[in-house]
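Working notes, beginning with the structure itself.
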Amino acid sequence: MDVRKAKFDSISKKLTYLQQRVTNNNSLNLTDVNIHAENFFRDLLKLLGYTFTNSNFDDQNSAYIDLIDYERKIAIQITAQNDSGKITESLNGFYKNPKYYDFKLQVLLISKDAKDYTTKFGNNFNHKEDVIDIKRLLAIIHNKTTPELLEIERFLDKEVQTERLKTESTEVETIMALINYLSKPENRSLAEKKDNIDPEYKINKRFSEHATYLIGKYSELMPVYYSALQVARRGLDDVMSLIISSYLKDESDVLLNKHNNNPREALDDLVNFFHGKLSENGFKTFDKQAIRFYLLEEMIKCNVFPNN
Numbered sequence: 001m002d003v004r005k006a007k008f009d010s011i012s013k014k015l016t017y018l019q020q021r022v023t024n025n026n027s028l029n030l031t032d033v034n035i036h037a038e039n040f041f042r043d044l045l046k047l048l049g050y051t052f053t054n055s056n057f058d059d060q061n062s063a064y065i066d067l068i069d070y071e072r073k074i075a076i077q078i079t080a081q082n083d084s085g086k087i088t089e090s091l092n093g094f095y096k097n098p099k100y101y102d103f104k105l106q107v108l109l110i111s112k113d114a115k116d117y118t119t120k121f122g123n124n125f126n127h128k129e130d131v132i133d134i135k136r137l138l139a140i141i142h143n144k145t146t147p148e149l150l151e152i153e154r155f156l157d158k159e160v161q162t163e164r165l166k167t168e169s170t171e172v173e174t175i176m177a178l179i180n181y182l183s184k185p186e187n188r189s190l191a192e193k194k195d196n197i198d199p200e201y202k203i204n205k206r207f208s209e210h211a212t213y214l215i216g217k218y219s220e221l222m223p224v225y226y227s228a229l230q231v232a233r234r235g236l237d238d239v240m241s242l243i244i245s246s247y248l249k250d251e252s253d254v255l256l257n258k259h260n261n262n263p264r265e266a267l268d269d270l271v272n273f274f275h276g277k278l279s280e281n282g283f284k285t286f287d288k289q290a291i292r293f294y295l296l297e298e299m300i301k302c303n304v305f306p307n308n
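Residue 301 in full-length UniProt numbering sits at position 301 of the sequence shown, and the numbers go up by one each step.
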C-alpha cells in the first residue's frame, strides 16, 4: 500500500504542477505548453489503455479536436478554456463533419477545473463524464494497478521537470545536494584506495569494537565516491562548512546516545534519516551507499560522533 500511495502521490504532484504551469503561462500569453500538450496527453492516455493519434497529423481540417481514437470512436479536444461557450462551439463544429456522427467528443481541460455547467449541450454530451479536468483524470488514474501506476510515474518523470521547493534548513539542503551529486554516475570516477584510512586512529580510539567494520566499509566505498565528494565540496565556503559540521555533530551525538554509544547502529539510523529527507524532498537520484560514505568521511573528521 505504501508503494501504491507513493506512486500516485508522485503522479498527482506532476500533473498538478503541469496544470499550474499551463495556467501561469496562459495568463502571460505564453502558450508553448499548450502546443506540446497534444502529444504529451496522447502518450499519457496510451498508458490508460487508449490508442489516440494526433488528429492534426491525420486530418489538417480537424479544427475542433486534437486527439482521436478510431477504435473506440472517441475524439478529444485539449484546451485551457473551461467556459460553456467554448464547449458548445467545439461540439457544433465537430459534428458538422458527417464522418464524426458516430464519434463521442470529450473535452480535456489542462488548466482550469470543470464547472457545474447548466448549459444543455446536446449531441449526447454529458458534461459530468465528457469534461475531464486534471482532478477527474487523477481519479481515473487512481483506479489503475500498482504496476500501471509505476509506468505512468516513469513517463511523467521523463516528461515533466518540476522545480523542487527548498523546504529544509540551509545545512540540510546542502548535505542533500552533496549526496545527490555523489549519487550521479556521471560524477563518479574510481580513485585509488588510501593506505591509511584513519591516520590519527580516531575511529580506533573511540570505537575499537567497531573499528574493523567502519574502516572496512569506508575502504570499500572510498574508490567510488571519494573523488566526487572532493569536487562537490569545492562550492562550500568556510562558513557553510562550519554550519554543516556543527549540525552533524549535534544530530549524530543524539543518535549515538540513543544507541548506547554503538556507532554502527547510530550510523544506520543517520543514513536512514538522510534517506528519508531526500525521498520526502523529491530527489530522484541518490543511493544509500553515497549517504553512508559521506557520513563515514565526516566521521573520520570528527564531525559525526564527535569527541566529547
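Glycine included, C-beta positions come from ideal geometry on N, C-alpha and C.
task: Evaluate E297 with the Cβ neighbour count: other Cβ atoms within 10 Å of its Cβ, from every protein chain shown; 16 or more gives buried, anything less gives exposed.
output: Within the sequence shown, the letter at position 297 stands for residue 297. Buried is the call here.
- prompt: For the alpha helix (DSSP H) that contains L248, what are its first and last residues?
  reply: Numbered from its first residue, the sequence shown carries residue 248 at position 248. From DSSP, the alpha helix (DSSP H) with L248 extends over 238-258.
- prompt: If we ignore side chains and look at the alpha-carbon of each, how far apart do I291 and M176 end up?
  reply: Residue mapping note: residue 291 aligns to position 291 of the sequence shown, counting from 1. Residue mapping note: residue 176 aligns to position 176 of the sequence shown, counting from 1. Going by the C-alpha atoms only, they are around 9 Å apart.
query: Would N307 be called buried (16 or more neighbouring beta carbons within 10 Å of its own) or exposed?
result: Position 307 of the sequence shown holds residue 307. N307 is exposed by the Cβ-count criterion.
query: Could you give the C-beta distance for N180 and F286, rounded to a whole number, given that I count them as a contact under 8 Å?
result: Position 180 of the sequence shown, counted from the first residue, corresponds to residue 180. Position 286 of the sequence shown, counted from the first residue, corresponds to residue 286. That pair is a contact at about 5 Å.
query: Under three-state DSSP, which class holds T31?
result: Locating residue 31 in the sequence shown gives position 31, counting from the first residue. Unreliable placement is indicated for T31, whose pLDDT of 48 sits below 50; the coordinate value is still reported in the next sentence. DSSP places T31 in coil when its eight states are reduced to three.
- prompt: Under the rule that 16 or more other beta-carbon atoms within 10 Å means buried, what is L28, buried or exposed?
  reply: The residue labelled residue 28 in the question sits at position 28 within the sequence shown. Confidence at L28 is low in this model, with a pLDDT of 48, below 50, so its placement is unreliable and no value can be given for it.
field: Same chain only: Cβ atoms within 7 Å of V172, ignoring 5 sequence neighbours per side
entry: For the purposes of this step, residue 172 is taken as the residue at position 172 of the sequence shown. K277.
message: If you reduce the DSSP assignment to three classes, tell me which class V231 lands in.
response: For the purposes of this step, residue 231 is taken as residue 231 along the sequence shown, with counting starting at 1. Of the three classes helix, strand and coil, the one that applies to V231 here is helix, per DSSP.
- prompt: Which of the three DSSP states, helix, strand or coil, is assigned to Q19?
  reply: Position 19 of the sequence shown, counting from 1, holds the residue named residue 19. Correct three-state label for Q19: helix.
query: Cα separation between K158 and L45?
result: Residue mapping note: residue 158 aligns to position 158 of the sequence shown, counting from 1. Residue mapping note: residue 45 aligns to position 45 of the sequence shown, counting from 1. So the alpha carbons of these two residues sit roughly 15 Å apart.
First and last residue of the uninterrupted beta strand (DSSP E) at D69: Sequence index remark: in the sequence shown, residue 69 carries index 69 (1-based). 67-69 is the span of the beta strand (DSSP E), which, as asked, contains D69.
query: Under 7 Å between the Cβ atoms of E75 and L105?
result: As a first step, residue 75 is located in the sequence shown; it is residue number 75 there, counting from the start. As a first step, residue 105 is located in the sequence shown; it is residue number 105 there, counting from the start. Residue identity check: residue 75 is Ala in the sequence provided, not Glu. The answer is yes: Cβ separation under 7 Å.
message: Using a 10 Å radius around the Cβ and a threshold of 16 neighbouring Cβ atoms, would you call L256 buried or exposed?
response: Residue 256 sits at position 256 when you count from the first residue of the sequence shown. The residue is buried, with at least 16 neighbouring Cβ atoms inside 10 Å.
- prompt: If we count the other Cβ atoms within 10 Å of its Cβ and call it buried at 16 or more, is V22 buried or exposed?
  reply: Working through the sequence shown from its first residue, we reach residue 22 at position 22. V22 should be labelled buried.
- prompt: What is the DSSP secondary structure of K104, reduced to helix, strand or coil?
  reply: Position 104 of the sequence shown, counted from the first residue, corresponds to residue 104. It is a strand residue.
message: At a cut-off of 6 Å, would you count T170 as near the ligand SAM, judging by its Cβ distance to the nearest heavy atom?
response: With respect to the ligand SAM, the structure offers nothing, as it holds no ligand at all.
query: If we count Cβ pairs, one from each stretch, closer than 8 Å, do we get three or more for the segment 83-100 versus the segment 47-54?
result: no
- prompt: Which of the three DSSP states, helix, strand or coil, is assigned to A75?
  reply: The residue you call residue 75 lines up with position 75 of the sequence shown. Residue state, collapsed to three classes: strand.
Where L150 sits in the DSSP three-state scheme: Residue numbering aside, residue 150 sits at position 150 when the sequence shown is read from its first letter. Helix.
field: Residues bridged to T53 [DSSP beta-bridge criterion]
entry: One-based indexing of the sequence shown puts residue 53 at position 53. Looking at the DSSP assignment, T53 forms a beta bridge with I68.
message: Here's a check: name, in chain order, each residue in its chain whose Cβ is nearer than 8 Å to the Cβ of D269, leaving out the five neighbours to either side.
response: Position 269 of the sequence shown holds residue 269. So the qualifying residues of the chain are L255, K258, H259.
- prompt: With contact counted as at least three CB pairs below 8 Å, one residue from each stretch, are the segment 232-251 and the segment 130-137 in contact?
  reply: no
- request: Quickly, what does DSSP pair I132 with across the bridge? List them, please.
  value: Locating residue 132 in the sequence shown gives position 132, counting from the first residue. Looking at the DSSP assignment, I132 forms a beta bridge with L108.
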